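Protein chains: 2
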Amino acid sequence: MHNKNLSRSLGRHLVMDYYGVSESLSNDLDKLKQDIIDACVSVGATVINSVFHRYSPYGVSGVVIIAESNVTIHTWPEYNFISLDIYTCGDSISPYSIHQILYTKWNPKKYVGDLVNRGNKNIVDEVVF
Amino acid sequence: MHNKNLSRSLGRHLVMDYYGVSESLSNDLDKLKQDIIDACVSVGATVINSVFHRYSPYGVSGVVIIAESNVTIHTWPEYNFISLDIYTCGDSISPYSIHQILYTKWNPKKYVGDLVNRGNKNIVDEVVF
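The listed protein sequences derive, respectively, from chains A and B. Sequential numbering from 791 applies to the first sequence in my numbering. Sequential numbering from 791 applies to the second sequence in my numbering.
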């Protein structure tokens with residue numbers, strides 16, 4: 791995650807809300823975890839570790855840490871809602887490519903997303919420790 | 791994380807960039823992890839699990855999963871930069887209260903933050919699965 795040749799930000803953070811996802815999918819910890827890992831691997835990311843938690847009575851939170859950063863998920867099955875954060879560093883992995891795979895697999899009826907640039911290089915340069 | 795009495799969004803996600811943080815702090819996995827856990831506990835959050843990773847030659851990524859959602863960190867010690875995501879569900883914990891504690895402990899020279907509401911209830915209601 792430490793490529794000095796980045797352009798204007800250190801990280802790209804895709805903030806994604808998936809609406810209208812099936813309740814059973816969004817409560818299926820094992821499938822969600824495997825789908826995220828598979829998506830990361832298929833775009834060439836290196837999976838380092840993961841941690842997931844199932845809430846009672848429903849809902850899942852989890853994160854997959856990849857060498858290029860991470861993918862974080864929270865689900866509200868009772869609202870058919872999944873929030874997904876795809877955070878990548880360097881230029882080798884596009885967060886959109888991971889979204890595209892998961893969007894196709896999970897088939898939300900609607901999604902709302904925004905790309906947030908993290909670590910503005912201009913500010914990094916201007917704020918000397 | 792499953793409170794049906796939320797107002798207009800399911801989660802509140804505080805996206806925080808800390809600039810001008812000491813290089814040694816931002817490379818100190820154990821301290822970063824303990825500070826986040828302590829901050830969560832001190833505002834009344836229930837810590838469930840955590841996973842952290844140290845990159846080579848430097849940098850840390852980690853997440854602390856709390857019952858009320860999670861706190862995710864990525865650090866670039868070589869840029870004196872820390873990105874922090876504080877994501878809470880329900881109204882019991884304010885993401886700002888966790889930021890305030892970590893900001894005071896880590897003392898960045900500058901921070902840039904934005905609150906992102908996740909899971910808009912109007913869209914949840916309108917998109918029926």
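For each residue, glycine too, the CB sits at the ideal point set by N, CA and C. In this text, all values refer to a predicted model and were calculated from it rather than measured experimentally.
Exercise. Under a three-way DSSP split, which group does residue 957/B fall into?
Worked result: Nothing about residue 957/B can be reported from this structure: the residues present for chain B run from 791 to 919 only.
Problem set entry | Contact list for residue 900/A against chain B, beta-carbon separation under 7 Å | 913 and 917
For this session: State the DSSP-derived secondary structure class of residue 846/A, mapped to helix, strand or coil.
Result: coil
Exercise. Is the beta carbon of residue 805/A less than 9 Å from the beta carbon of residue 871/B?
Worked result: no
Exercise. Is residue 831/A close to chain B, meaning its C-beta is less than 9 Å from at least one C-beta of that chain?
Worked result: no
Exercise. In chain order, what residues of the same chain have a beta carbon less than 8 Å from the beta carbon of residue 907/A, not counting five sequence neighbours either side?
Worked result: 798, 799, 801, 802 and 803
For this session: Look at the Cβ atom of residue 885/A, then the Cβ atom of residue 894/A, and state whether they are nearer than 9 Å.
Result: no
Exercise. Does the beta-carbon distance from residue 880/B to residue 866/B come in below 9 Å?
Worked result: no
Exercise. Looking at C-beta atoms only, is the number of pairs between the segment 850-858 of chain A and the segment 825-836 of chain B that lie closer than 8 Å three or more?
Worked result: no
Problem set entry | Element boundaries [beta strand (DSSP E), containing residue 807/B] | 799-809
Exercise. Who are the Cβ neighbours of residue 876/A in its own chain at under 7 Å, not counting the five residues just before and after it?
Worked result: 804, 806, 861, 885, 888 and 889
Exercise. So which residues on chain B does residue 883/A lean against when the C-beta distance must stay under 8 Å?
Worked result: Those do not exist, as residue 883/A stays about 14 Å from chain B at its closest Cβ, beyond 8 Å.
For this session: Evaluate residue 916/B with the Cβ neighbour count: other Cβ atoms within 10 Å of its Cβ, from every protein chain shown; 16 or more gives buried, anything less gives exposed.
Result: exposed
Problem set entry | Per-residue burial, residue 791/A [other beta carbons within 10 Å of its own, 16 or more giving buried] | A caution first: residue 791/A carries a pLDDT of 47, below 50, which makes its placement in the model unreliable, though a value can still be read off. Its Cβ being crowded by 16 or more others within 10 Å, residue 791/A is buried.
Exercise. Counting along the chain, where does the beta strand (DSSP E) carrying residue 900/A start and finish?
Worked result: 900-910
For this session: If I'm right that residue 822/A touches residue 863/A with Cβ under 8 Å, what's the distance once you round it to whole angstroms?
Result: 6 Å
Problem set entry | Endpoints, the alpha helix (DSSP H) within which residue 831/A is located | 819-832
For this session: Would you grab the beta carbon distance between residue 901/A and residue 808/A for me? Rounded to a whole angstrom, and I think it's under 8 Å.
Result: 5 Å
Problem set entry | Neighbouring residues, chain B, relative to residue 839/A (Cβ below 7 Å) | 841 and 843
Exercise. Rounded C-beta distance between residue 883/A and residue 858/A? I'm assuming under 8 Å.
Worked result: 5 Å
Problem set entry | residue 859/A: first and last residue of the uninterrupted beta strand (DSSP E) it sits in | 859-866
Problem set entry | Contact set between residue 858/A and chain B, taken where Cβ atoms lie within less than 8 Å | Residues of chain B passing the Cβ test: none, with the nearest at roughly 10 Å.
For this session: Flag residue 792/B as yes if its beta-carbon sits less than 9 Å from any beta-carbon of chain A, otherwise no.
Result: Any answer about residue 792/B is weak, because its pLDDT of 48 lies below 50 and its placement is not dependable; what the coordinates show is given next. Yes, residue 792/B lies at the interface with chain A (some Cβ there is under 9 Å from its Cβ).
Exercise. If you count every other CB in all the chains shown that lies within 10 Å of the CB of residue 841/B, and 16 or more means buried, which is it?
Worked result: buried
Problem set entry | Own chain residues within Cβ distance below 7 Å of residue 838/A, not counting five before or after | 855, 856 and 857
For this session: Using three-state DSSP, classify residue 851/A as helix, strand or coil.
Result: strand
Exercise. Are the C-beta atoms of residue 795/B and some chain A residue less than 9 Å apart?
Worked result: Residue placement at residue 795/B cannot be trusted, given a pLDDT of 45 that sits under 50; what the coordinates show is reported in the next sentence. No - not a single Cβ of chain A is within 9 Å of the one on residue 795/B.
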